Every structure is written in C-alpha cells, then in structure tokens.
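The structure appears right after this line, and notes come after that.
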Amino acid sequence: MTYNMKKNKYLPINWTNGTKLSSEHFIHSYLSQVERSVQMQAFSLTKFNFGLGKPETFEEAVYYQLSGTTPNSAVIELLHCEGITPSGYTISYDRQIYGTHAVCSEAQNVEEAKDGDLFYVLVSVAPFSRVPVGTPNPEVVPLHHPYALPKVKVHLVRQNTLNTSTEDVDYLIVGRYELNNGILKAEEDYIPPIQRLCYSKKAVIFQQNIIKVLERLYSYTQQMYRRNVSSTHRNSLADSSLLFCSAFQDFYTEHSFALKHLLSEESPCRLVEQFSILGQKLICVLTRMSENDYERLLQYYYTWTDCSPADIEQAMGKLAGVSYSHIDIAKSFRAILHSLSLLERIFSRMSELEYIGVVRENIIISEEEDSPRSKERRFWKILD
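Here our numbering is used: the sequence shown runs in plain steps of one and ends on residue 398.
Take a look at the structure:
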C-alpha cells in the first residue's frame, strides 16, 4: 500500500521537546490521523462495497424525517446515519450525540419539476471541519463544549443535479423520492448503497424471496426427472427439457450453500453475479440444441404455460445480462425475480404432467354439457 504525500494536507507534526504547545498543534495532529485513516479506508474500497454500515439499535443504518410534500417546501431532518462514502470518509451521526446541532436540508427552488422526477437524499461529511458537542463543564475555564465531531449535512437534490450539488464534499445516497401529482413520495423498496447485503432489511428480504423461488424450482426439476427419466414415453422433447432442468440443477447444487449462508456477508453485487451465471448456463444449454429441438421445446412450453418463445428468450437474456448499480440495488433484484418467476411457471407446469411429450387440445362443448368449472374439455396425446 502506497501513499501520495503530495495529496496530504495535514503532515505529521515534528514533536520537539521545549516547543510551546497550543491547541492548534493537537488539532493538526488529530486531522493528520483522520487523513491517514481515510486513505487506508479508501484503499480497501471498491465501487461495490461502500455505503451504509451495520445497523446497531435500529432496523436500518439511516433514519430521517421529511417535512413538507412538494419539492420547494420539503425539508429533510437527519436522525441517524452510519456509513462509509465512496472516498473512504466515515459518517457516524446520531441526533442525540450531536445535541443542538440539528442536521436539516436547505429549502430548494426547483423549477419545472414534473411527475416522475427523482429526488435523492444525500448525507455528506466534512471530516476536517469540526462541530463542538457535549455539555460544558462550568468549572472549566474558558467555558466550552468538551468534544468535537465531524460536520455532517443532509441534502435533497434532484437527479439531474446529483453530480454538482455536493461537489465540494463527499456524500452518500441514503434515500430516494419520486414526484407524483406534485407530491414527493418515498420509494419504499429503494435500497441505497450498503457495504454488505445483510446490512439492509430490504435486501435480506429480497434474498430470502429469491432463495425460496430457487428451492421451489429445484423441487420441480426433481419431480420432472422422477416422472420422465425412465418413462417409456420419453422422446427427444423430454430429453431437451431434462437437459434444460439439468443446467438449473447443476447451478443450484453448486451455489446453494453460498446463496444461503455466505453472500449475505458480501456486497449485493455478488448475489447478482450468481444469477448472471445461472442465465448464462441456461442460454448455453438452449444454444447447444439443434434448431429443431430448440424450437419444439420453446413451443411446447408455450402450449402449456402461455410463455411465448420470445418471452422465454427475453427472460433468459435479461437474467444472463443483468446489470448492477450500487445506488439502485433493488432494480437488479426485481429483474432477477421477474426472470425466475417465468422459469417457475414453466417448471411448475412441466412437473405436473404425467410425462413430458403430451399435448393438450381444447374441444368446445355445448352449453348444455358445460360444467361450472370450464367450458372446455382437455385431453392428452403423445407427440409424434
């Protein structure tokens, strides 16, 4: 690990016996340590592991209040925040510790805001600017606050001004609002940058939901194998479908432990990476099939599930090419769940069939013979 000394503003003090000391010496020494700490912190950071830290006494590592509902009247008051900015600055703010130094955003003058515009809540820190805190001791002269903490600010900024509104300080995105009918509404499922997946309750819920879907998918593939692997009706269509299932099973057996126990302690990016791998595996299996087998398989799925070949191809493509943004984590999670839900529709329906290779046909019957459940009668036959 190396440092560029030219960038250092606070060099270590050369302490010498006999030097007359003042508060400036100790302040400079403290700021030198802060600068060194920031450099060490920044060295271990990547684009995917900065963000909110571990919640202590709260469910989330950040809490704030919004007063006012329109962009020009809205004011954010910060109550609590624990995190690390992209440059390595530590944000540790609690309203009770900072006392009378309430941290509120400034009123804005937003012109021509329209529905759909996004507004971000940012928390910035100036680690070399100090705020005096604590209860003064009346017996100490001169009377002063006994402690000092870094200066923290909160901002509410429009998306198109995100890169310029806080250019003089380092910041962390902690929330997002959307303008709807002239009123700011919080995006409840928005997940701000987090250092680890387990540091956000919302991210943990997403992970748990994804794991439940995977478990169901694995169960469906097992049922499909049991019913078809030794079936006397097994044909090339069944072989293609089992090959598709095998790709999923290989992924699940290889990565299930990490998905359930390890990835929660890492950046959310690692979880998204796993499903990109799954998508690539599924696409790879499909492309290995002959053109005729490939088309027959997707058309067969369409017959039973109403998932068109285009829908299946698009879902697999989105899963394989899922993108990741550390400032919009939930977007990646939603894309994954959407693709998995389509896969679940297919596997669930195939697992219900007596064997793969039967096709359904609908025969319209007369109203006199119509049952309360349906106006159609279904029967199966083996595909030629």
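For each residue, glycine too, the CB sits at the ideal point set by N, CA and C.
Predicted, not measured: the structure shown is a model, and the values here were computed from it.
Beta-carbon contacts of residue i that lie in its chain and below 8 Å, excluding the five residues immediately before and after
i      : result
Ala252 : Asn242, Ser245, Tyr369, Ile370 and Gly371
Val455 : In this structure the chain extends from 15 to 398, so residue 455 is not present and cannot be described.
Asp27  : Before going further, note that residue 27 is Ile rather than Asp in the sequence given. Excluding residues within five positions, the ones whose Cβ falls inside 8 Å are His39, His42, Ser43 and Ser46.
Asn86  : Ala121, Gln122, Asn123 and Val124
Lys21  : none
Ile350 : Ile224, Val286, Phe289, Leu333 and Val336
His158 : Pro146 and Pro150
Ile111 : Val147 and Leu163
Ser355 : Val227
Ser346 : Pro282, Val286, Val336, Ser337, Tyr338 and Ser339
Three-way DSSP call (helix, strand, coil) for residue i in this model
i      : result
Cys321 : coil
Ala140 : strand
Lys61  : coil
His115 : coil
Glu91  : strand
Glu383 : Note that Glu383 scores 44 on pLDDT, short of 50, meaning its location in the model is unreliable; the coordinates nonetheless yield the value given after this. The answer is helix: DSSP assigns Glu383 an H, G or I state.
Pro26  : coil
Leu367 : coil
Thr33  : coil
Leu397 : Residue placement at Leu397 cannot be trusted, given a pLDDT of 40 that sits under 50; the coordinates are not used to answer.
Thr246 : coil
Ile377 : Legend: pLDDT at Ile377 = 30, less than 50; position of this residue unreliable, value from coordinates given subsequently. Strand at Ile377.
Leu228 : helix
Lys21  : helix
Tyr338 : coil
Gly97  : strand
Thr267 : helix
Ile205 : coil
Val52  : helix
Leu157 : coil
Ala121 : coil
Glu327 : helix
Arg391 : No answer about Arg391 holds up, because its pLDDT of 34 lies below 50 and its placement is not dependable.
Thr235 : helix
Ser179 : Low per-residue confidence applies at Ser179: pLDDT is 45, beneath 50, and the placement is therefore not dependable enough to give any value.
Lys128 : coil
Ser214 : coil
Asn223 : helix
For residue i, the residue or residues it bridges with in DSSP
i      : result
Phe133 : Arg172 and Tyr191
Ser81  : Val89
Pro163 : According to the sequence provided, residue 163 is Leu. The question's Pro does not apply to it. Note: Leu163 sits in a beta bridge opposite Val145.
Ser355 : Per DSSP, none; premise fails for Ser355.
Ala200 : Tyr191
Ser106 : Glu96
Val76  : Cys95
Asp184 : Val139
Leu66  : Gly97 and Ile208
Residues near residue i in its chain [Cβ-Cβ closer than 6 Å; skip 5 each side]
i      : result
Asp184 : Thr99, Ser101 and Tyr103
Glu287 : none
Ile197 : Thr83
Asp182 : Per-residue confidence for Asp182 stands at a pLDDT of 43, beneath the threshold of 50, marking its modelled position as unreliable; the derived number appears in the next sentence. Excluding sequence neighbours, Asp182 sits near nothing in its chain.
Phe62  : Ser281, Cys283 and His340
Ser388 : Because Ser388 sits at a pLDDT of 41, beneath the cut-off of 50, its placement in the model cannot be relied upon, and the point is left open.
Asn249 : Gly371
Ser365 : Tyr234, Gln237 and Met238
Leu163 : Val145 and Val147
Same chain only: Cβ atoms within 7 Å of residue i, ignoring 5 sequence neighbours per side
i      : result
Asp129 : Leu193, Asn194 and Asn195
Thr324 : Inspection of the sequence shows that residue 324 is occupied by Ala rather than by Thr. If we look at Ala324 and ignore the five residues flanking it on each side, it has no Cβ neighbours.
Arg359 : Thr319 and Cys321
Lys199 : Tyr191 and Glu192
Arg310 : Leu251
Gln274 : Per the sequence shown, the amino acid found at residue 274 is Lys instead of Gln. Excluding positions up to five away in sequence, the list reads Ile225.
heavy atom of the ligand ZN below 6 Å from residue i C-beta
i      : result
Thr104 : As for the ligand ZN, it is missing from this structure, which has no ligand bound.
Please confirm if the region 205-225 is in contact with the region 265-284, defined as three or more CB-CB distances below 8 Å between the two stretches.
yes
In chain order, which continuous runs of the alpha helix (DSSP H) of length 4 or greater are located wholly inside the region 273-315?
282-302
Stretch pair the region 336-354 + the region 302-310: three plus CB contacts closer than 8 Å:
no
Just checking, does the region 290-297 make contact with the region 233-242 on the three C-beta pairs under 8 Å criterion?
no
Count the CB pairs spanning the region 263-272 and the region 310-320 that are closer than 8 Å, and state whether there are at least three.
no
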